[in-house]
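In the working numbering, the protein residues as written are 1 to 202.
Written out as structure tokens, the structure reads:
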């Protein structure tokens, strides 16, 4: 890849979510954690290690729908140096996310049924640093302008469209992490864990 900072995904990221997400397009919480150790990430999320089930996404969602715990995670490798998490029962700024340590964590959180898509948040060392949502216009303002060189061709425009915006935000994550989602990514086996109720209560 000659200019990875200008790469575009081969397939529409929203369309892949609809085709392979088994309903996650209705409500999505994805975390990209700067770590190549999914087991460490799972420990920091305070999962029950004995609950681990290696499975695809369809099976993970079926298990989540049948367990009493409110919180769970499906965790696995994303790209060299990065781990991906689909979080269930968490929310932006949740203590579990802030507990992931001195590393970058990028977050996409959407509720398509409500027409809501949060900014592309960035956390590090227990803090929310801001967001790296692409600007409306080429070279436009960003919350964290050091990421502006990665946004060429991903500008959101001035009319909101959740499906298009999520595709572009996922493209931004792909440029940062060096990996866009594709069919192989969506159908991979990862580890599903339950998080015991009360693990994150004050």
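Idealized CB from N, CA, C, for every residue including glycine.
Assumed close pair residue i, residue j - CB separation to whole angstroms, cut-off 8 Å
| i | j | result |
| --- | --- | --- |
| residue 21 | residue 111 | Actually they do not touch by this definition, with Cβ atoms about 14 Å apart. |
| residue 108 | residue 173 | 7 Å |
| residue 13 | residue 170 | 4 Å |
| residue 144 | residue 130 | 5 Å |
| residue 106 | residue 185 | Their Cβ separation, rounded to whole angstroms, is 16 Å, which puts residue 106 and residue 185 out of contact at 8 Å. |
| residue 29 | residue 18 | At roughly 16 Å, the Cβ-Cβ gap does not stay under 8 Å, so residue 29 and residue 18 are not in contact. |
| residue 80 | residue 36 | 7 Å |
| residue 104 | residue 121 | The pair is not a contact, with the Cβ atoms about 11 Å apart (cut-off 8 Å). |
| residue 190 | residue 75 | 6 Å |
| residue 168 | residue 154 | 5 Å |
Cβ neighbours of residue i in the same chain (closer than 7 Å, five flanking residues each side left out)
| i | result |
| --- | --- |
| residue 231 | The displayed coordinates of the chain run from 1 to 202. Any statement about residue 231 would go beyond what the structure contains. |
| residue 93 | 128 |
| residue 213 | What is shown of the chain runs 1 to 202, which leaves residue 213 out entirely. |
| residue 58 | 22 |
| residue 141 | 135 |
| residue 60 | 74 and 192 |
Alpha helix (DSSP H) segment containing residue i, residue limits
| i | result |
| --- | --- |
| residue 59 | 57 to 64 |
| residue 176 | 162 to 177 |
| residue 44 | 38 to 44 |
| residue 96 | 95 to 98 |
| residue 200 | Here residue 200 belongs to no alpha helix (DSSP H), and DSSP marks it neither H nor E. |
| residue 214 | There is simply no residue 214 to check, as the chain begins at 1 and stops at 202 in what is shown. |
| residue 184 | 183 to 186 |
Other residues of its chain near residue i: CB distance less than 6 Å, five sequence neighbours each side excluded
| i | result |
| --- | --- |
| residue 88 | 64 and 72 |
| residue 98 | 126 |
| residue 55 | 192 |
| residue 96 | 45, 90 and 200 |
| residue 158 | 136 |
| residue 178 | 79 |
| residue 113 | 26 |
| residue 102 | 125 |
| residue 51 | 193 and 194 |
Residues bridged to residue i (per DSSP)
| i | result |
| --- | --- |
| residue 124 | 104 and 127 |
| residue 53 | 192 |
| residue 77 | 83 |
| residue 112 | Residue 112 pairs with nothing; no bridge assigned. |
| residue 88 | 72 |
| residue 117 | 110 |
Residue i, enclosing beta strand (DSSP E) - first and last residue
| i | result |
| --- | --- |
| residue 193 | 190 to 195 |
| residue 67 | Unbroken run through residue 67: none, as it is neither H nor E. |
| residue 30 | 28 to 33 |
Contacting residues, own chain, Cβ-Cβ under 8 Å from residue i (five flanking each side not counted)
| i | result |
| --- | --- |
| residue 10 | 180 and 182 |
| residue 7 | 1, 174, 175 and 180 |
| residue 139 | 148 |
| residue 146 | none |
Chain C within 8 Å of residue i, Cβ atoms only
| i | result |
| --- | --- |
| residue 150 | The question asks about chain C, but that chain is absent: this structure has only one protein chain. |
Cβ pair count under 8 Å reaching 3, the segment 103 to 119 against the segment 156 to 166: yes
contact_flag[the segment 126 to 139, the segment 74 to 85] where n(CB pairs < 8 Å) is 3 or more: no
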